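Report on the following structure.
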Ligand SMILES: [Zn+2]
């Protein structure tokens, strides 16, 4: 059974949202919900090749000129539209110092790159992949998460495609939310390999996060939307290993997962140095302070720093789940259900991750990845 969304319904939803947007008395939050949902429904029509049969209003033209949010599977994901990249994340000097240390820990001694990882073809049908992902969420052992996952896996919001969608060539999976009709859609580009299976499982977790608490992008720190998905990515790779999939392919998944953060860390440090040099000169760069960084670097570079922290938080959560499933899952759910206050430095000690622990984990993650990648012995990594 292949799931397809109802194009007619989506066209109707789009029309409804457009008519609501014409109302000039809507609040800022309502407007954000409407605009995002409009983008989603337009994207779904694009993906269904139905866009040409729809009449584009000026509002959509305006939105389409900006890029949509693409799930950030790829390296150095390019920065997206203002709508997704608002610069209202709270950052002060203390926070910059902390984030920069994380970047340094992650990038220590790394000379790897995952750009050439190619996956072998495997004979798994879409139905097989759906079943495996469902069994993973079953295995995770939380009913609420399982119910949300099944809503996507067995519903009409998931679509496999053979070729990638124009504009999203690098993205293996795409997740699009409709805040008006409370739906979270996934599009998976099927390249018939283990990476596709992981992408499916990853996108499904985005929908779980959405159904747990449909926070708007402006309510979230940039990058932090990947915390629940990265967390389960780690666990899913181990799960596939337990199921007995090819070791070599499993190792490729691990390499891709771990080198992503390290490469991003290296790139971010390089960008910071370049931007500080440009703004304040070489001397300032050599004795760089948090103040220099704050005054010199672009919003995009700041966002990269935040994404690095989110990767470390996810790594921490997956360790918690491995050590004590109940506590770990409960912390993951607590994270999904809360909207972080954006007027102070985000604090994760209530889910068992103090700044000190995150710094430690970032060193461990750097070392762990090196060990995993360069170890002769391709066995299970120790955690
Ligand atoms: Zn994602």
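In this note's numbering, the protein residues as written are 166 to 548. For every residue, glycine included, the Cβ atom is placed at its ideal position computed from N, Cα and C. These numbers were taken from a predicted model, which means no experiment stands behind them.
The shortest C-alpha to C-alpha distance from residue 514 to any of 499, 528, 507 and 508 is the one to 499.
Under the three-state reduction of DSSP output, residue 260 falls in the helix class. Remark: C-beta atoms of residue 372 and residue 317 approach each other more closely than 8 Å. Taken in chain order, the whole beta strand (DSSP E) runs of length 3 or more contained in the stretch 273-352 are 323-326 and 338-343. For residue 360, the enclosing alpha helix (DSSP H) has its first and last residue at 359-377. The distance from the Cβ of residue 338 to that of residue 367 is about 6 Å, consistent with a contact at the 8 Å cut-off. Burial state of residue 257 is exposed, judged by a 10 Å Cβ sphere holding fewer than 16 other Cβ atoms.
Taking the Cα positions, residue 194 is about 11 Å away from residue 201. For residue 354, the secondary structure class from DSSP, reduced to helix, strand or coil, is strand. The closest CA to that of residue 503, considering only 401, 428, 386 and 306, is found on 386. Following the DSSP letters along the chain, one finds residue 442 inside the alpha helix (DSSP H) bounded by residues 412-445.
Boundaries of the alpha helix (DSSP H) harbouring residue 206: 193-212, taken from the DSSP string.
The three-state secondary structure of residue 172, taken from DSSP, is helix.
Under the criterion of beta carbons closer than 8 Å, residue 483 and residue 399 qualify as touching, at roughly 4 Å. Per the coordinates, the alpha-carbon of residue 433 lies some 10 Å from the alpha-carbon of residue 472. Inclusion of residue 455 and residue 271 in the CB contact set at 8 Å is not warranted, their separation being larger than that value. Closest in C-alpha terms to residue 475, from the list 296, 177 and 511, comes 511.
Taking residue 361 as reference, the option from 286, 412 and 457 with the minimal CA-CA separation is 286.
DSSP places residue 468 inside the alpha helix (DSSP H), whose first and last residues are 464-488. Cβ atoms of residue 352 and residue 365 stay farther apart than 8 Å, at about 10 Å. For residue 269, the secondary structure class from DSSP, reduced to helix, strand or coil, is helix. Between residue 206 and residue 171, the C-beta spacing is not below 8 Å. Cβ atoms of residue 209 and residue 175 come within 8 Å of each other, at about 5 Å.
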